[in-house]
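Only one structure is covered here, and it is reproduced in the block below.
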Amino acid sequence: MRSIVKKFLQELNTMTIEKDVEVNATDDAIDFLMTKGFDAKLGARPLQRVIDDEIKKPLSKMMLFGELTAGGMVEVGVSTDIVPKLTVKFKAGKPKKIDVKSEVSDEKTS
17 MRSIVKKFLQ
27 ELNTMTIEKD
37 VEVNATDDAI
47 DFLMTKGFDA
57 KLGARPLQRV
67 IDDEIKKPLS
77 KMMLFGELTA
87 GGMVEVGVST
97 DIVPKLTVKF
107 KAGKPKKIDV
117 KSEVSDEKTS
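As structure tokens, then:
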């Protein structure tokens with residue numbers, strides 16, 4: 017399941033790299049996505065909806081109207097509230113130019 021979550025996050029990076037935006041997720045965020053995006057009957061199908069609602073929506077607002085209008089880095093984490101939720105925060109620094117295809121293939125070989 018972890019590799020499926022990472023694959024979805026790599027696809028998100030593929031979409032945002034043209035805007036000079038890089039998305040990184042903490043291990044806690046990946047665990048959160050694994051838990052919230054998995055259903056016993058549906059498998060990992062709900063994962064895309066969770067990523068859309070919890071990451072893509074706030075990310076798109078940041079790219080259009082916030083800190084990421086000129087690009088940058090984003091860290092997806094988990095809040096320490098009573099009811100944990102994903103956090104999407106601007107992180108200072110320039111994104112590295114990543115070769116998304118090689119990272120996905122590296123993931124398959126691991």
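Mapping the sequence shown onto my numbering, position 39 (from 1) lands on 55, and the numbers just tick up by one.
Virtual Cβ for every residue (Gly too), placed ideally from N, Cα, C.
query                                                                                                                              : result
Would you please state the rounded distance, in angstroms, between the beta carbons of M89 and P111? I believe it to be under 8 Å. : 5 Å
When you compare the CB positions of A45 and V99, do they come within less than 8 Å of one another, or not?                        : no
Where do the ends of the alpha helix (DSSP H) carrying E27 lie?                                                                    : R18 to T32
Once the 5 residues before and after L84 are set aside, which same chain residues still bring their CB inside 6 Å of it?           : V37 and M78
Alpha carbon to alpha carbon, how far is T96 from L102?                                                                            : 10 Å
Quickly, what does DSSP pair D55 with across the bridge? List them, please.                                                        : G59
Rounded to whole angstroms, what's the CA-CA distance from L80 to F106? Just pull it up for me.                                    : 13 Å
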